[in-house]
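**Student:** What follows is a structure written as C-alpha cells; I'll ask about it next.
Protein chains: 2
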Amino acid sequence: MADTVRINLNDIREISTEILEKVGYGRNHASAIADMLYTCQLDDCQSHGLFRLFMCHETMKAGKIDGNAEPVLAESDNAIVRVDARGAMSLLAVEKAMPHLIAKTRKFGIAAMAVNNCFHFSALWPEVEQLSAVGLAGMSMVPSHSWVAPAGGTRGTLGTNPLAFSWPRSGRSPFTFDFATSAFARGEIELYKRAGKPLPEGVAVDANGAPTTDPQAALDGAMLTFGSYKGSALSIMIELLAGPLIDDLTSMESMEFAEGKGGAPYHGQIILAFDPEQFSGGKAAANDARAERLFADIVDQGARLPSQRRFEARKRNQERGYVEVPAALLDDLRNLTA
Amino acid sequence: MADTVRINLNDIREISTEILEKVGYGRNHASAIADMLYTCQLDDCQSHGLFRLFMCHETMKAGKIDGNAEPVLAESDNAIVRVDARGAMSLLAVEKAMPHLIAKTRKFGIAAMAVNNCFHFSALWPEVEQLSAVGLAGMSMVPSHSWVAPAGGTRGTLGTNPLAFSWPRSGRSPFTFDFATSAFARGEIELYKRAGKPLPEGVAVDANGAPTTDPQAALDGAMLTFGSYKGSALSIMIELLAGPLIDDLTSMESMEFAEGKGGAPYHGQIILAFDPEQFSGGKAAANDARAERLFADIVDQGARLPSQRRFEARKRNQERGYVEVPAALLDDLRNLTA
Numbered sequence: 001m002a003d004t005v006r007i008n009l010n011d012i013r014e015i016s017t018e019i020l021e022k023v024g025y026g027r028n029h030a031s032a033i034a035d036m037l038y039t040c041q042l043d044d045c046q047s048h049g050l051f052r053l054f055m056c057h058e059t060m061k062a063g064k065i066d067g068n069a070e071p072v073l074a075e076s077d078n079a080i081v082r083v084d085a086r087g088a089m090s091l092l093a094v095e096k097a098m099p100h101l102i103a104k105t106r107k108f109g110i111a112a113m114a115v116n117n118c119f120h121f122s123a124l125w126p127e128v129e130q131l132s133a134v135g136l137a138g139m140s141m142v143p144s145h146s147w148v149a150p151a152g153g154t155r156g157t158l159g160t161n162p163l164a165f166s167w168p169r170s171g172r173s174p175f176t177f178d179f180a181t182s183a184f185a186r187g188e189i190e191l192y193k194r195a196g197k198p199l200p201e202g203v204a205v206d207a208n209g210a211p212t213t214d215p216q217a218a219l220d221g222a223m224l225t226f227g228s229y230k231g232s233a234l235s236i237m238i239e240l241l242a243g244p245l246i247d248d249l250t251s252m253e254s255m256e257f258a259e260g261k262g263g264a265p266y267h268g269q270i271i272l273a274f275d276p277e278q279f280s281g282g283k284a285a286a287n288d289a290r291a292e293r294l295f296a297d298i299v300d301q302g303a304r305l306p307s308q309r310r311f312e313a314r315k316r317n318q319e320r321g322y323v324e325v326p327a328a329l330l331d332d333l334r335n336l337t338a
Numbered sequence: 339m340a341d342t343v344r345i346n347l348n349d350i351r352e353i354s355t356e357i358l359e360k361v362g363y364g365r366n367h368a369s370a371i372a373d374m375l376y377t378c379q380l381d382d383c384q385s386h387g388l389f390r391l392f393m394c395h396e397t398m399k400a401g402k403i404d405g406n407a408e409p410v411l412a413e414s415d416n417a418i419v420r421v422d423a424r425g426a427m428s429l430l431a432v433e434k435a436m437p438h439l440i441a442k443t444r445k446f447g448i449a450a451m452a453v454n455n456c457f458h459f460s461a462l463w464p465e466v467e468q469l470s471a472v473g474l475a476g477m478s479m480v481p482s483h484s485w486v487a488p489a490g491g492t493r494g495t496l497g498t499n500p501l502a503f504s505w506p507r508s509g510r511s512p513f514t515f516d517f518a519t520s521a522f523a524r525g526e527i528e529l530y531k532r533a534g535k536p537l538p539e540g541v542a543v544d545a546n547g548a549p550t551t552d553p554q555a556a557l558d559g560a561m562l563t564f565g566s567y568k569g570s571a572l573s574i575m576i577e578l579l580a581g582p583l584i585d586d587l588t589s590m591e592s593m594e595f596a597e598g599k600g601g602a603p604y605h606g607q608i609i610l611a612f613d614p615e616q617f618s619g620g621k622a623a624a625n626d627a628r629a630e631r632l633f634a635d636i637v638d639q640g641a642r643l644p645s646q647r648r649f650e651a652r653k654r655n656q657e658r659g660y661v662e663v664p665a666a667l668l669d670d671l672r673n674l675t676a
C-alpha cells in the first residue's frame with residue numbers, strides 16, 4: 001500500500017464502537033459489529049474490516065434498520081436454533097445464538113442456525129471459524145440483492161450468494177473458504193470502472209441481457225455466476241436454503257425491500273454445523289490424519305489452500321501488535337463522524 | 339439416436355435384475371440396483387441407466403465387492419443415521435437407511451445419513467429426489483477416484499466429487515441438480531478422444547501438470563475442477579464431508595484401494611435432509627410461494643431450471659410406457675451374460 005498508517009490491535013474495536021455508537025448503533029450492536037471488523041482487519045481482509053463502517057453508516061442513513069433491537073431466540077427441542085434479529089444487523093443475533101448452535105450440534109451431531117429479519121454486510125468466514133475453533137465443521141450461506149443473472153438468463157434474479165465452509169484442523173489454522181457465487185464481486189466491477197478497464201468475458205450482461213465487458217453496462221445490467229450452469233445451480237440452492245427454507249427473503253425480495261436506498265441488504269442467514277466425533281462414530285482423531293494427508297497432497301504440488309494468505313496476515317499482525325490500513329481510510333472515517 | 343430399440347417400462351427392472359444376479363449380486367442388491375437403473379432410464383439419463391450394468395459387472399470382476407452383504411444400521415439417538423454397507427454396493431444401504439433419515443429429519447428438523455464402506459456408481463439425484471418427494475430438501479455428496487487436480491495444482495488429488503440437491507415443489511417436479519465438481523466428466527474426455535477432437539482450454543493438465551487440450555494427455559494427467567479456485571474449494575469440502583467427517587476414504591485412498599482394477603470406486607456417501615416446516619417455523623406453504631416466484635423469474639427470462647429435460651423425458655416415457663435405448667446397448671448387454 002502506497003500510504004498506510006498503523007492501528008494498534010487494541011484500538012480497532014475502540015475506533016469501531018465509537019463510530020458505530022455515534023451513527024446510531026446501540027452498545028450491544030456496536031460491540032458485536034466491532035468484533036467482526038476486528039476479526040477481518042486482523043487478517044488484512046481490508047474489504048470487510050474497518051472499511052465496512054461506511055456500509056454500517058449508510059445502512060443507518062437508509063432509515064430502515066433498528067440500531068437497538070435485541071435479538072430473540074425461539075425455544076426449540078429440535079436441532080434448529082432460530083433467532084430473530086428483529087430488523088437489526090445480523091451480528092448480535094449470531095453472537096447470541098452461536099453457543100446454542102454449538103450445544104445442539106454436540107447433542108444431535110448436526111444442527112442449524114436460522115437467522116431471520118437481519119441486515120447483513122459481513123464476511124461469513126469469521127462465523128464458520130467460530131465453529132471450527134471448537135472442533136466442529138461449519139457452513140454458512142446468505143442471499144443478497146438480485147444483481148446476478150442465472151445461467152442462460154438476461155437479468156438479475158440471484159444474489160451474490162456467498163458460501164463459506166470451515167473444517168477444524170488440530171493444532172493448525174482451519175481449512176476455510178468463503179466465496180461469492182457471482183463470478184466477480186460487485187466492488188471489483190466498480191474498480192474496473194474507475195480504472196477504465198474492460199471486464200473479462202463471461203462476467204456480466206448489459207441491461208438488454210447481452211454479454212458485455214463494459215463495467216458501467218454491467219452495473220446497469222447483471223453480473224453472472226462463477227462456473228456457468230453449475231455455479232448458477234449452486235446459487236439457486238443458496239437462495240432456497242437461506243431464504244424460503246427459513247421463512248426469509250430471497251435476493252429479489254431483499255432488493256425490493258431496499259426501495260433503491262443504499263446500505264446492507266435485509267434478509268436471512270443459515271449456518272450448518274457438523275460434529276466430526278459423532279459423524280465418525282468416535283474416530284475423529286484418526287480421520288484428522290486422513291484429512292491432513294489430503295491437505296498435504298494439495299500443498300505438496302504447489303497449490304494453495306484457501307485462506308492461507310489470511311492466516312499468514314493474522315500471525316504477522318498478532319506478533320507485531322498492529323495492522324496497516326490505507327491512510328485515506330482513517331481520514332475518511334474521521335470525516336464520517338466529524 | 340440413430341438406431342434405437344424400445345424397452346417397456348415393466349421390463350427395465352427385469353432385464354437389470356436378471357443380469358445383476360447372473361454376474362454375482364444377491365437378490366436384495368440386484369433389486370436395489372435395478373430400482374436405481376429404472377429411475378435413471380425412465381428419465382432418459384442414458385449414462386446412468388441400463389448402461390451402468392457394465393460398471394456393475396466390472397466391479398464384480400475386480401473381485402473386491404461383496405454381492406450379498408446386508409447393510410447394518412447403527413443405533414442412534416442423535417440426528418445422524420449411520421449405515422455400514424459392509425463392502426457391497428451403496429444402494430441397498432441407502433434404501434435401508436432412507437426411512438430412518440426421513441424420520442430423524444421430521445423429528446430434529448435437520449438430519450444426515452452417513453453411508454460407509456460402499457462401492458458407488460450411481461447418480462445422486464434419485465436419492466435426493468426421494469427426500470423432496472416427501473416434502474424435505476436434500477443434499478448429497480460423494481468422493482470418487484483422485485483424477486482431479488486442485489486449482490493451481492499439477493496432479494490428481496480430488497475426485498469428480500458430485501453435489502446433488504433437491505427442493506420440494508408442491509404439485510410440480512422438484513428443483514433438482516446433480517453435477518460433478520470436475521469441469522468435465524471422465525466419460526466426456528473419452529468421447530473427445532474417440533472423436534479425435536481437442537478438449538476446450540482449462541479442463542485438464544497433462545502428466546507433467548501443464549495445461550493440455552489433448553484427450554489422451556488429459557487421461558494420463560489430471561482433470562481440473564469447474565469454476566477454478568471456487569470449484570476446487572467446493573470439491574475439497576465434498577472430500578471432507580463425504581470422507582474424513584464420516585470416517586471413510588478420500589478419493590486418493592479410494593484410488594489406492596482399487597489397485598488399478600476397474601469398476602466402481604469404494605468410499606462413503608453423505609446425505610443431508612432439511613424439513614422446511616420446522617426451519618420456517620410452520621410457514622412452509624407461504625414460503626413455497628416465495629420459492630415459486632424465484633423459479634418463475636428464472637424461467638420467465640428464458641433460462642432453464644436444471645433437470646427440466648429429465649422431467650420432460652419422465653413424463654413422456656411414463657405416458658407412452660416405454661423408453662428408447664441404443665440398439666447396440668441391448669446387444670452388448672445380451673453378450674455380457676452370454
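Just so you know, the sequences run in chain order A and B.
Read left to right, the first sequence gives residues 1 to 338 (the working numbering).
Read left to right, the second sequence gives residues 339 to 676 (the working numbering).
Using N, Cα and C, we set each Cβ at its ideal position, and we do this for glycine too.
I'd like the ranges of any alpha helix (DSSP H) spanning at least 4 consecutive residues and lying wholly in the region 43–95 of chain A.
**Tutor:** Counting whole runs of 4 or more residues, the region 43–95 of chain A contains the alpha helix (DSSP H) stretches 53–61.
**Student:** Determine the extent of the alpha helix (DSSP H) in which residue 195 (chain A) is found, giving its start and end residues.
**Tutor:** If you number the first sequence from 1, residue 195 (chain A) lands on position 195. It spans 186–195 - the alpha helix (DSSP H) in which residue 195 (chain A) sits, taken as one unbroken run.
**Student:** Tell me which same chain residues have a C-beta within less than 8 Å of the C-beta of residue 400 (chain B), skipping the five on either side of it?
**Tutor:** Looking up residue 400 (chain B) in the second sequence gives position 62. If we look at residue 400 (chain B) and ignore the five residues flanking it on each side, its Cβ neighbours are 596, 599, 600, 601.
**Student:** Would DSSP call residue 310 (chain A) helix, strand or coil?
**Tutor:** Here residue 310 (chain A) corresponds to residue number 310 of the first sequence, with the count starting at 1. Reduced to three states, the DSSP call for residue 310 (chain A) is helix.
**Student:** What are the boundary residues of the alpha helix (DSSP H) that residue 229 (chain A) is part of?
**Tutor:** Indexing the first sequence from 1 puts residue 229 (chain A) at position 229. Per DSSP, residue 229 (chain A) belongs to the alpha helix (DSSP H) from 228–241.
**Student:** Check this for me: beta carbons of residue 109 (chain A) and residue 416 (chain B), under 9 Å apart or not?
**Tutor:** As a first step, residue 109 (chain A) is located in the first sequence; it is residue number 109 there, counting from the start. As a first step, residue 416 (chain B) is located in the second sequence; it is residue number 78 there, counting from the start. Yes.
**Student:** Give every residue of the same chain whose Cβ lies closer than 7 Å to the Cβ of residue 130 (chain A), excluding the five residues on either side of it in the sequence, and list them in chain order.
**Tutor:** Position 130 of the first sequence, counted from the first residue, corresponds to residue 130 (chain A). Same-chain partners within the cutoff: 98.
**Student:** Pick helix, strand or coil for residue 108 (chain A), following the three-state DSSP scheme.
**Tutor:** Counting from 1 along the first sequence, the entry for residue 108 (chain A) is found at position 108. It is helical.
**Student:** Examine chain A for any beta-carbon lying closer than 9 Å to the beta-carbon of residue 445 (chain B), and answer yes or no.
**Tutor:** Working through the second sequence from its first residue, we reach residue 445 (chain B) at position 107. Taking Cβ atoms only, chain A reaches closer than 9 Å to residue 445 (chain B), which makes this a yes.
**Student:** List the residues of chain A that residue 564 (chain B) touches, going by C-beta distances under 8 Å, in chain order.
**Tutor:** What you label residue 564 (chain B) is simply residue 226 of the second sequence in a count that begins at 1. Result: 227, 228, 230, 231.
**Student:** With a threshold of 9 Å between beta carbons, is residue 167 (chain A) in contact with chain B?
**Tutor:** Taking the first residue of the first sequence as position 1, residue 167 (chain A) is located at position 167. Yes - at least one Cβ of chain B is within 9 Å of the one on residue 167 (chain A).
**Student:** What residues of chain B sit near residue 301 (chain A), judged by a beta carbon separation below 8 Å?
**Tutor:** By one-based count along the first sequence, residue 301 (chain A) stands at place 301. Residues of chain B passing the Cβ test: 487, 488, 491, 492, 493, 495, 547.
**Student:** Would you grab the beta carbon distance between residue 161 (chain A) and residue 256 (chain A) for me? Rounded to a whole angstrom, and I think it's under 8 Å.
**Tutor:** In the first sequence, counting from the first residue as 1, residue 161 (chain A) sits at position 161. In the first sequence, counting from the first residue as 1, residue 256 (chain A) sits at position 256. The Cβ separation is near 17 Å, so there is no contact.
**Student:** With a cut-off of 8 Å, do at least 3 Cβ pairs link the region 483–496 of chain B to the region 650–667 of chain B?
**Tutor:** With a cut-off of 8 Å, the region 650–667 of chain B and the region 483–496 of chain B do not count as touching, because too few Cβ pairs lie within range.
**Student:** Go through its chain and collect everything with a Cβ distance to residue 387 (chain B)'s Cβ below 7 Å, but skip five positions before and after it.
**Tutor:** Residue mapping note: residue 387 (chain B) aligns to position 49 of the second sequence, counting from 1. The answer, listed in chain order, is 375, 378, 379.
**Student:** Given that residue 500 (chain B) touches chain A, what residues does it touch there, using C-beta distances under 7 Å?
**Tutor:** In the second sequence, counting from the first residue as 1, residue 500 (chain B) sits at position 162. Correct list: empty, because the minimum Cβ distance to chain A is about 10 Å.
**Student:** So which of B:473, B:520, B:508, B:516 has the shortest CA-CA distance to residue 496 (chain B)?
**Tutor:** In the second sequence, the residue the question calls residue 496 (chain B) occupies position 158. Answer by Cα proximity: B:520.
**Student:** Starting from residue 252 (chain A), find everything on chain B with Cβ-Cβ shorter than 8 Å and list it in chain order.
**Tutor:** Residue mapping note: residue 252 (chain A) aligns to position 252 of the first sequence, counting from 1. The answer, in chain order, is 631, 632, 635.
**Student:** Can a CB atom of chain A be found closer than 9 Å to the CB of residue 558 (chain B)?
**Tutor:** What you label residue 558 (chain B) is simply residue 220 of the second sequence in a count that begins at 1. Chain A, which has no Cβ nearer than 9 Å to the Cβ of residue 558 (chain B), makes this no.
**Student:** Start and end of the beta strand (DSSP E) containing residue 517 (chain B)?
**Tutor:** On the second sequence, residue 517 (chain B) is found 179 positions in, with the first residue counted as 1. Note, residue 517 (chain B): beta strand (DSSP E), 513–517.
**Student:** Between the region 460–475 of chain B and chain A, which residues of the former have a C-beta closer than 8 Å to a C-beta of the latter?
**Tutor:** The residues in question are 475.
**Student:** How would you label residue 221 (chain A), buried or exposed, when you count the other beta carbons within 10 angstroms and need 16 or more for buried?
**Tutor:** Mapped onto the first sequence, residue 221 (chain A) falls at position 221. Residue 221 (chain A) is buried by the Cβ-count criterion.
**Student:** Terminal residues of the continuous alpha helix (DSSP H) containing residue 553 (chain B)?
**Tutor:** Along the second sequence, one-based indexing puts residue 553 (chain B) at 215. 553–558 is the extent of the alpha helix (DSSP H) around residue 553 (chain B).
**Student:** Could you check what DSSP says for residue 661 (chain B) in three-state terms: helix, strand or coil?
**Tutor:** Your numbering for residue 661 (chain B) matches position 323 in the second sequence. Three-state result, residue 661 (chain B): strand.
**Student:** In this structure, does DSSP put residue 38 (chain A) in helix, strand or coil?
**Tutor:** Within the first sequence, the letter at position 38 stands for residue 38 (chain A). Three-state DSSP puts residue 38 (chain A) in a helix.
**Student:** Which residue from A:76, A:133, A:313, A:31 puts its Cα closest to that of residue 170 (chain A)?
**Tutor:** Locating residue 170 (chain A) in the first sequence gives position 170, counting from the first residue. Looking at the Cα atoms, A:133 is the closest of the given residues.
**Student:** Does the region 421–441 of chain B touch the region 360–370 of chain B, meaning 3 or more C-beta pairs lie closer than 8 Å?
**Tutor:** Touching, per the Cβ criterion.
**Student:** Is there at least one Cβ from chain B nearer than 9 Å to residue 1 (chain A)'s Cβ?
**Tutor:** As a working mapping, residue 1 (chain A) is identified with position 1 in the first sequence. Caution is warranted here: a pLDDT of 48 is assigned to residue 1 (chain A), below 50, making its placement in the model unreliable, and no coordinate value can be reported.
**Student:** With distance defined between alpha-carbon atoms, name the residue in A:156, A:100, A:83 nearest to residue 254 (chain A).
**Tutor:** Looking up residue 254 (chain A) in the first sequence gives position 254. Minimum Cα distance to residue 254 (chain A) is reached at A:156.
**Student:** Could you pull out every residue in the same chain whose Cβ sits closer than 8 Å to the Cβ of residue 660 (chain B), ignoring the five residues on either side in sequence?
**Tutor:** Residue numbering aside, residue 660 (chain B) sits at position 322 when the second sequence is read from its first letter. Around residue 660 (chain B): 344, 345, 346, 347.
**Student:** Using a Cβ cut-off of 8 Å, which residues of the region 174–186 of chain A contact any Cβ in chain B, in chain order?
**Tutor:** Cβ contacts with chain B come from 175, 177, 179, 181.
**Student:** Is DSSP giving residue 1 (chain A) helix, strand or coil here?
**Tutor:** In the first sequence, the residue the question calls residue 1 (chain A) occupies position 1. In this prediction, residue 1 (chain A) has a pLDDT of 48, which is less than 50 and means its spatial position is unreliable; nothing more can be read from the coordinates.
**Student:** If we ignore side chains and look at the alpha-carbon of each, how far apart do residue 278 (chain A) and residue 450 (chain B) end up?
**Tutor:** Counted from its first residue, the first sequence places residue 278 (chain A) at position 278. Counted from its first residue, the second sequence places residue 450 (chain B) at position 112. In a straight line, the C-alpha of residue 278 (chain A) is about 11 Å away from that of residue 450 (chain B).
**Student:** Nearer than 8 Å: is that true of the beta carbon of residue 356 (chain B) relative to any heavy atom of the ligand MG?
**Tutor:** No copy of the ligand MG appears in this structure; indeed no ligand is present at all.
**Student:** Beta-carbon of residue 223 (chain A) versus every beta-carbon of chain B: anything under 9 Å?
**Tutor:** Stepping through the first sequence from its first residue, residue 223 (chain A) is reached at position 223. It does not; no Cβ of chain B falls within 9 Å.
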